[in-house]
Amino acid sequence: MDSVFTRRVLAVVRRIPPGRVATYGDVAAAAGRPRAARAVGNIMRDSGGRDVPAHRVIAAAGKLGGYGGRIEMKRALLRAEGVLVSGGRVRDFKVRRWRRIGQQ
DNA sequence: CTGCTGACTGGTA
DNA sequence: GTACCAGCCAGCA
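Taking the numbering used here, the leading residue of the first sequence gets 44, the next gets one more, and so forth.
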């Protein structure tokens, strides 16, 4: 069974709109634990198979972060939503970043 | 309980 | 710009 924190994190990630991205820290904050970015990463790693757009969760400063060793797939999914990636960074990160998730 | 392990982050050099 | 580092925290042995 998932812990409360895990469920909250998954719920938050599911609210990220297509074409937008959020950092592990943003998700952690939205889930109520601003400093649990690493824990969020662990949850994303184990979120395979679930109905969760984990590819929209990236690292700080627009860096891609990980994707179970399948970064190419992460880039492809983002590109399919109109999010361009170059030099290992999401372009227009500041504009595409989804903050304050949970407040609408 | 203790002690790792990370899809992390912000600070410093 | 890059590199290293301490702090962080859920999950698991």
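C-beta atoms are modelled at their ideal positions from N, C-alpha and C, and glycine is treated no differently.
Residues near Tyr-67 in its chain [Cβ-Cβ closer than 7 Å; skip 5 each side]: Ala-80, Val-83, Gly-84, Val-100, Ala-102 and Gly-108
Extent of the continuous alpha helix (DSSP H) run through Met-44: Unbroken run through Met-44: none, as it is neither H nor E.
Presumed contact (8 Å Cβ cut-off) between Arg-51 and Gly-75, rounded CB distance: 6 Å
Cα-Cα separation, Val-70 to Val-55: 7 Å
Assigned secondary structure, Ala-65 (DSSP; H/G/I helix, E/B strand, else coil): strand
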